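There are 2 protein chains.
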Amino acid sequence: MSQADHSISAAILVIGDEILSGRTKDKNIGFIADYLMALGIDLREVRIVADDEQDIIDAVNALRQRYTYLFTTGGIGPTHDDITADAIAKALGLELYEDPRIIALMLERLKPEDLNEARRRMARIPRGADHVENKISKVPGFMIENVIVMAGVPAIMQTMLDSVAPRLRTGAKMIVETLETVGLPEGLYAKGLGEVAALYPSVSIGSYPSFGEGRFKNSIVVRGKDAEQVAAAVTAVQELMDRLRAEQA
Amino acid sequence: MSQADHSISAAILVIGDEILSGRTKDKNIGFIADYLMALGIDLREVRIVADDEQDIIDAVNALRQRYTYLFTTGGIGPTHDDITADAIAKALGLELYEDPRIIALMLERLKPEDLNEARRRMARIPRGADHVENKISKVPGFMIENVIVMAGVPAIMQTMLDSVAPRLRTGAKMIVETLETVGLPEGLYAKGLGEVAALYPSVSIGSYPSFGEGRFKNSIVVRGKDAEQVAAAVTAVQELMDRLRAEQA
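The listed protein sequences derive, respectively, from chains A and B. First residue of the first sequence: 1, per our numbering; consecutive thereafter. First residue of the second sequence: 1, per our numbering; consecutive thereafter.
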């Protein structure tokens, strides 16, 4: 039986014109990818869309139905372009309401006369949503069904991930082994590596070239959840490399 | 008439398990976003998918039909997990063939006996595709219909963008003005900013908080293609800020 049958999967939806325009370089995708990997949740897809309600709704519905969890970042502030809560409520067919518990949290930091209409928008969450705590600026994100809605500011998003993590179902942790292929070009080991990959279908084997200082360097990454299968595949890759080096010498 | 009617749009599809696992932090999205902005092409959506043929096909077909151009990165090397060319050919219903011009390029750098089966895989492109030159390792990417297929290694991807750029239709350049909101919290100007945004529908106005050294800093970005409208919106935002500062003083 495939390990994948028991896997917990996830997608990320990044919401924000500022990422698509290049103005802001996203730092959340890589952080969440690492975080989910450590939890044993498989990140399977990422989308970045503009601050456009229909685009957000379409992406939310495509992703929440396909994966165990959908994490969104961005668009939950007080300005007119912050429309994530509205879009999530529409995507799920739920009423958006002003949560008095969030108003109370805001009043811990604001004078009542400063709690204006725009700031009150941040207290609106879909009916039935749970808070996702924000340790920095207090106004929480929320989790509704399998959708986790977080801020776009990285420091806040990270505290929200910490807050929601204990509530998530997690799968078997991925075991990851990396081999450096010193002196062997990718084109030389590609065929043999494909044969090893075919022998260990529960294991994912990737070859990742990088280029710097005028030369290529390759890494081979072996990933899987079955420790014995990963170890056997690593041994097979190592033997392949040793054989190819011997042939080159 | 809306400026958007004349806009040239694009999406990016990043292909690679290594991004989703967190092993590699993507550097291509931000680079391409900046590059397209400078060309006057509007980046509207980004997706990241795994090295899974059906996932790639589905994303390619969704994105190439919706936008003027689709740029893909990753998955065009010689190893078993490099399946982008196969998936693109299937998505477009085209035959994949070994291009003798690419074999000739490879033989400029390889001895004939080193041109093995795995390396020959990199010479396969869909029937009718044009090359996208690779100044670093020579094996080209390709452009077929409105899909531009590039390497995942950033240095190579960047030479490919330079190679394909002269072939692209470009739109009016985006004019971008950034205002710093020193001393004004986002919640204070959010309502007024929304009113300005409503007055200038051809202009996009975003408010971007960032957090560092224990405090928030906000930027307001005004973007549009009509210089007069952008200038008028910037003036209106500036007047709003001046008024709010005067009220606070």
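Heads up, the beta-carbon is just placed ideally off N, CA and C, and yes, glycines get one too. Please read these numbers as outputs of a predicted model, since none were measured by experiment.
Which residues share a DSSP beta bridge with residue i?
| i | result |
| --- | --- |
| B/P209 | B/N218 |
| A/V131 | The question names Val, yet the displayed sequence has His at residue 131 of chain A. Partner(s): A/F142. |
| A/L96 | A/P126 |
| B/S204 | B/R223 |
| B/A165 | BP columns for B/A165 are empty, so no partner. |
| A/R47 | A/L13, B/R47 |
| A/V147 | A/L70, A/I144 |
| A/D42 | A/S9 |
| B/E117 | Paired residues: none, contrary to the question. |
Would you mind working out which of the options sits nearest residue i, comparing C-alpha positions?
| i | options | result |
| --- | --- | --- |
| B/N28 | B/K138, B/T72, B/Q229, B/R167 | B/T72 |
| A/A123 | A/A198, A/V60, A/L107 | A/L107 |
| A/S7 | A/G152, A/K225, A/L244 | A/K225 |
| B/L199 | B/M157, B/T181, B/T235, B/L20 | B/T235 |
| B/N146 | B/P112, B/A165, B/K111 | B/A165 |
| A/D99 | A/R47, A/D55, A/V139 | A/V139 |
| A/F211 | B/R167, B/I156, B/L161, B/V237 | B/I156 |
| B/I125 | B/V49, B/E113, B/G75, B/V182 | B/G75 |
| B/R223 | B/R243, B/A172, B/T79, B/I103 | B/A172 |
| A/M143 | A/D130, A/S137, A/N134, A/K135 | A/D130 |
| A/V149 | A/A38, A/I32, A/Q238, A/R243 | A/I32 |
| B/H80 | B/L36, B/G16, B/E228, B/P154 | B/G16 |
| B/R101 | B/L36, B/D55, B/R120, B/M174 | B/R120 |
| A/L184 | A/S219, A/E177, A/A85 | A/S219 |
At a Cβ threshold of 8 Å, is residue i touching chain B?
| i | result |
| --- | --- |
| A/R119 | yes |
| A/E213 | no |
| A/E186 | yes |
| A/L240 | no |
| A/G194 | yes |
| A/S202 | no |
| A/G30 | yes |
| A/A246 | no |
| A/A232 | no |
| A/G253 | A question about residue 253 of chain A goes unanswered here, because the residues of chain A that appear run from 1 up to 249. |
| A/A197 | yes |
Roughly how many angstroms lie between the CA atoms of residue i and residue j, to the nearest whole one?
| i | j | result |
| --- | --- | --- |
| A/E186 | A/V203 | 19 Å |
| B/G194 | A/K217 | 50 Å |
| A/R245 | A/K191 | 15 Å |
| B/V132 | B/E45 | 22 Å |
| B/D151 | A/G206 | One detail in the question is off: residue 151 of chain B reads as Ala in this sequence, not Asp. Using only the alpha carbons, I get a separation of about 15 Å. |
| B/A118 | B/A11 | 30 Å |
| A/A233 | A/V196 | 7 Å |
| B/L240 | B/Y189 | 8 Å |
| B/Q3 | A/E213 | Caution is warranted here: a pLDDT of 41 is assigned to B/Q3, below 50, making its placement in the model unreliable, and the coordinate value is therefore given only provisionally. So the alpha carbons of these two residues sit roughly 44 Å apart. |
| B/R64 | B/L70 | 5 Å |
| B/E53 | B/A87 | 6 Å |
| A/A231 | B/G22 | 21 Å |
| B/I41 | A/E247 | 50 Å |
| A/L20 | B/D162 | 20 Å |
| B/L96 | B/A89 | 6 Å |
Taking only beta-carbon atoms, is residue i less than 8 Å away from chain A?
| i | result |
| --- | --- |
| B/K191 | yes |
| B/P209 | yes |
| B/V221 | yes |
| B/L43 | yes |
| B/G183 | no |
| B/A33 | yes |
| B/M236 | Position check: residue 236 of chain B holds Ala in this sequence, whereas Met was assumed. No, B/A236 lies away from the interface with chain A (no Cβ there is under 8 Å from its Cβ). |
| B/G224 | no |
| B/A123 | no |
By the 8 Å beta-carbon criterion, what residues does the region 47 to 80 of chain A contribute toward chain B?
R47, I48, V49, A50, D51, D55, G77, P78, T79, H80
By the 7 Å beta-carbon criterion, what residues does the region 126 to 143 of chain B contribute toward chain A?
Cβ contacts with chain A come from I136.
What residues from the region 3 to 28 of chain A come within 9 Å of chain B, judged by C-beta to C-beta, listed N to C?
I12, V14, G16, D17, E18, I19, L20, S21, G22, R23, T24, K25, D26, K27
Taking a cut of 7 Å between CB atoms, which residues from the region 147 to 176 of chain B lie near chain A?
V153, A155, I156
Check each residue of the region 92 to 118 of chain A: if its Cβ is closer than 7 Å to any Cβ of chain B, include it; give the result in chain order.
N116, E117, A118
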